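Residue numbers (this note's numbering): 596 to 696.
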């Protein structure tokens with residue numbers, strides 16, 4: 596199983612960050628004490644979600660405004676209709692580990 600670890604403090608609350616996990620780009624988002632990880636590429640167009648905005652456990656694609664639930668990957672608003680791949684997140688103290696499910 597592919598995984599990567601990073602310091603919890605390196606994640607800024609409400610600001611998505613792109614990491615690479617194996618051959619996949621992953622958007623990691625911290626909301627308070629919670630951390631979520633979804634595929635970085637919008638399912639509607641080839642736009643990096645780590646450049647988008649976070650609000651209410653959703654990330655909005657900067658290109659066309661599609662929103663995705665960070666908890667489930669579900670597409671919440673058009674033009675996206677396909678869900679994002681989600682990744683397992685485990686926090687152990689000050690370390691966050693992201694891995695493929």
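Where is the CB? At the ideal position from N, CA and C, for every residue including glycine. If you're wondering where the values come from, they're calculated on a predicted model, not measured in any experiment.
Item: Does the beta-carbon of residue 632 have 16 or more other beta-carbons within 10 angstroms, so that it is buried, or is it exposed?; Value: buried
Item: Under 9 Å between the Cβ atoms of residue 630 and residue 603?; Value: yes
Item: Quick one: grab the DSSP three-state call for residue 635.; Value: coil
Item: For residue 682, which of helix, strand or coil comes out of DSSP?; Value: coil
Item: With residue 612 as the anchor, note down where its beta strand (DSSP E) starts and where it stops.; Value: 612-616
Item: Excluding the 5 residues flanking residue 601 on each side, which residues of the same chain have their C-beta closer than 6 Å to its C-beta?; Value: 691
Item: Classify residue 645 as buried or exposed, calling it buried when 16 or more other Cβ atoms lie within 10 Å of its own Cβ.; Value: buried
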